[in-house]
Amino acid sequence: MTEAAIAVKKINFGWQSQELILKDCSLEIPRGEFWMLLGNNGSGKSTLLRILAGLLSPQSGECYVEQPLGFVFQNPDHQLVMPTVGADVAFGLVSENLNWIEKRDRVQEALSAVNLGGWERRPIYALSGGQKQRIAIAGAIARHCPVLLLDEPTALLDPDTQQELVEQVRSLVKTRGLTALWITHRLEELDYCDRALILERGQITKQGTPQELKTYVSSVSSA
Ligand SMILES: Nc1ncnc2c1ncn2[C@@H]1O[C@H](COP(=O)(O)OP(=O)(O)OP(=O)(O)O)[C@@H](O)[C@H]1O
Ligand SMILES: [Mg+2]
0 MTEAAIAVKK INFGWQSQEL ILKDCSLEIP RGEFWMLLGN NGSGKSTLLR ILAGLLSPQS
60 GECYVEQPLG FVFQNPDHQL VMPTVGADVA FGLVSENLNW IEKRDRVQEA LSAVNLGGWE
120 RRPIYALSGG QKQRIAIAGA IARHCPVLLL DEPTALLDPD TQQELVEQVR SLVKTRGLTA
180 LWITHRLEEL DYCDRALILE RGQITKQGTP QELKTYVSSV SSA
């Protein structure tokens with residue numbers, strides 16, 4: 000059996016004095032797979048991803064994610080902090096005590112991995128939304144993250160760029176043996192994942208192949 004890169008066991012989470020958003024919520028994602036997470040607005044998807052990323056702590060339950068992990072936000076302007084592409088990708092490496100050649104090589108390799116090789120000197124403000132998302136992913140690749148968590152990374156992209164990004168992430172997962180969990184509302188993106196999950200009433204109520212989930216979601220929304 001493949002080992003899980005992400006494992007959540009019976010976590011409970013609620014904002015103060017409110018009812019629980021996540022109730023006995025459990026899931027497991029095997030290493031090397033690309034999974035997607037679906038669910039209605041407000042169902043707790045972003046909350047779950049923030050718990051996986053260690054940005055929030057559950058009130059109870061266990062949560063394991065291989066480290067270091069890379070997190071990609073819906074809006075890349077909330078994520079990219081430096082003025083140029085090269086400086087931004089290198090920013091995540093400050094804690095690693097690399098010499099400048101090692102750092103340069105990591106940045107170069109990560110940018111090539113997202114098909115933006117040689118873009119080090121480009122200013123961040125001049126990038127498109129899709130390019131910014133790829134820089135955010137390059138930051139995680141440069142840090143050698145085995146796990147990528149992506150919260151609706153295509154929500155602000157046009158359809159062509161959306162498709163390029165989801166293809167890119169699938170290819171990174173498959174060529175590098177990464178594990179990725181990607182939140183989406185767009186059913187057409189499901190075709191690129193290995194398996195998908197639905198979060199409802201605080202729990203994973205359904206998981207299956209892209210086709211199984213598409214059939215389920217269509218039957219629920221037409222009911
Ligand atoms: N900082 C916060 N304080 C209090 N409640 C919050 C906070 N952030 C989120 N919530 C509430 O928690 C619930 C789950 O929110 P969450 O953002 O996880 O949903 P989501 O599934 O990601 O929704 P969407 O599809 O709209 O992104 C919602 O009812 C939301 O209002
Ligand atoms: Mg959300």
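Residue numbering for the sequence shown follows numbering that gives the first Met the number 0, beginning at 0 and increasing consecutively. Ideal Cβ positions, reconstructed from N, Cα and C, are used throughout, including at glycine.
Query, Result
"With distances taken between CB atoms, is the gap from Ile28 to Ala4 smaller than 7 Å?", "yes"
"Could you say which of Asp159, Ala135, Val106 lies nearest to Leu148 if we only look at CA atoms?", "Ala135"
"Keeping to the same chain, check which residues put their C-beta closer than 6 Å to that of Cys144; ignore five residues upstream and five downstream.", "Pro67, Leu68, Gly69"
"Residues in the same chain with beta-carbon distance under 7 Å from Pro122, minus the five sequence neighbours each way, listed in chain order, please.", "Pro82, Thr83"
"Please go through the same chain and pick out, in chain order, the residues whose beta-carbon is closer than 6 Å to the beta-carbon of Lys102, but skip the five residues on each side of it.", "Ala89, Leu92"
"Answer yes or no: the CB of Trp34 versus the heavy atoms of ligand 1, is any distance below 6 Å?", "no"
"Whole angstroms are fine: how far does the CA of Lys9 sit from the CA of Ala137?", "32 Å"
"Identify whether Ile23 lies in helix, strand or coil by the three-state DSSP scheme.", "Looking at the sequence provided, one finds Asp at residue 23 rather than Ile. Asp23 falls in the strand class under three-state DSSP."
"Return the first residue and the last residue of the alpha helix (DSSP H) that Ala3 is part of.", "Where Ala3 is concerned, there is no enclosing alpha helix (DSSP H), although the beta strand (DSSP E) it sits in stretches over 3-12."
"Any chance you could list the residues with Cβ under 6 Å from a heavy atom of ligand 1, keeping chain order?", "Trp14, Ile20, Gly38, Asn40, Gly41, Ser42, Gly43, Lys44, Ser45, Thr46"
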